[in-house]
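Visitor: Submitted below is the structure of interest, expressed as structure tokens.
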Amino acid sequence: MRIIPAIDIIEGKCVRLSKGDYTTKKVYNESPLEVAKQFQDSGIEYLHLVDLDGAKAKHIVNYAVLEEIATRTELKIDFGGGLKSDEDLRIAFNSGAKQVTGGSIAVKNPETFLEWLDTYGSDKIILGADANQGKIAISGWLEASDEELIPF
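Count along the sequence shown from 1, then add 10; that gives the number in the numbering used here.
Shown next, in the form of structure tokens:
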């Protein structure tokens, strides 16, 4: 079994939200790099890094955090949040992501998601789905889709 911890980022800081509610934001560390290094020092090899600002803005925002962690650790980073365009993918991969997770894009624009899958392959593109009461939550939990998780 592979354990993959996640770091959620808002304004360059490590945060936790309750069910995607941005008003419940709790900063638990000012330095995502420090947390990533702690994971690495504990033997972790993979990290899921989530750009919650990007999810809200609908484009990558915290790519500098991604780049800093990628260049200063050996972690294999899966990046998500705000991936809506080919340019967003280019930025994520150029900033050090080994993989990217698309969630909202797969619901809102499945053709683009499938194109990415064809172009980059399943080793680089991951389908992520957050669910609330069986429905897929999108845009960093800010919206609910009509899609049910299980049939999707």
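Just so it is clear, CB atoms sit at the ideal spot from N, CA and C, and this is done for glycine as well. In this text the structure is predicted, and so the values were computed from the model without any measurement.
1. Quick one, which of S114, V110, L43 and D128 has its alpha-carbon nearest K134's?
2. Can you give me the start and stop residues for the beta strand (DSSP E) that G112 sits inside?
3. Tell me, please, whether the CB atom of P42 is closer than 8 Å to any CB atom in chain D?
4. In terms of residue numbering, what span does the alpha helix (DSSP H) encompassing T34 cover?
5. Would you identify the three-state DSSP class for L99, choosing helix, strand or coil?
6. According to DSSP, what are the bridge partners of S28?
7. Please check the pair G113 and G138, which I expect to be a contact at CB under 8 Å, by giving their CB distance rounded to whole angstroms.
8. From this set, I13, K108 and K68, which residue's C-alpha is nearest I54's C-alpha?
Guide: According to the structure shown:
1. V110
2. Q109 to G112
3. The question asks about chain D, but that chain is absent: this structure has only one protein chain.
4. Run containing T34: none in the alpha helix (DSSP H); it sits in the beta strand (DSSP E), D31 to N39.
5. helix
6. D31
7. 4 Å
8. I13
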